Amino acid sequence: MNYEELLKRAKKEIPKKIDSRERFNPPAIKSFIEGKTTIVQNLKNISKYLNRDINHIIKYLSKELATSGNIDGNRVIFTGKFKNYVISSKMEQYINDFVKCKECGSPDTKIEKENRIKVIHCMACQAVKPLPKIR
Ligand SMILES: [Zn+2]
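In this note's numbering, the protein residues as written are 6 to 140.
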């Protein structure tokens, strides 16, 4: 492949990348109830997609569902029976509170530490907001 072809290829690939960043479509929660527990199969993928620590998500969901959750390989097991839509709506809340920028609504944010305080730093508008505490 010569230089010109490489250049053409690069030009083709750039808009694709921007597109996929703008389209925010986190994976839907996949879960099922097994005995007295609820197993979420794809929280790891979701945490990767959202660029958040899976333990932070588990902490939030555990608090919201008033239970405890543990990582088991690729799955997360919560004590208690929870319907999929209940976990999904909590996940949506998580995204609103801990992922989306409060200024512009962009989900392209990073958690950073500033003077020992955790903040949400928006990559789109550069706003910096304190990370809400999980209560
Ligand atoms: Zn923003």
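In this text, a Cβ means the ideal position worked out from N, Cα and C, and glycines have one as well.
What you are looking at is a predicted structure, and each value in this text was computed from that prediction instead of being measured.
- Between the alpha carbons of LEU136 and ARG80 lies a distance of about 26 Å.
- For VAL91, the enclosing alpha helix (DSSP H) stretches over residues 89-99.
- In this structure, the C-beta of ALA71 stays at least 7 Å away from each heavy atom of ligand 1.
- The nearest non-hydrogen atom of ligand 1 is less than 7 Å from the C-beta of SER111.
- Closest in C-alpha terms to THR42, from the list TYR8, SER73, ALA33 and LYS115, comes SER73.
- Using a C-beta cut-off of 8 Å, the segment 35-49 makes contact with the segment 81-92, since at least three inter-stretch Cβ pairs fall below that distance.
- When secondary structure is reduced to three states using DSSP, SER36 falls in the strand class.
- In the three-state reduction of the DSSP assignment, ASP77 falls in the strand class.
- Inclusion of ILE100 and LEU55 in the CB contact set at 8 Å is warranted, their separation being smaller than that value.
- Taking non-hydrogen atoms of ligand 1 into account, the C-beta of GLU117 is found less than 7 Å away from none of them.
- Bounds of any beta strand (DSSP E) do not take in ILE139, whose DSSP letter is neither H nor E.
- Membership of GLU117 in the beta strand (DSSP E) is indicated by the continuous run 114-119.
- Within a 10 Å sphere around the beta-carbon of PRO32 sit fewer than 16 other beta-carbons, which makes this residue exposed.
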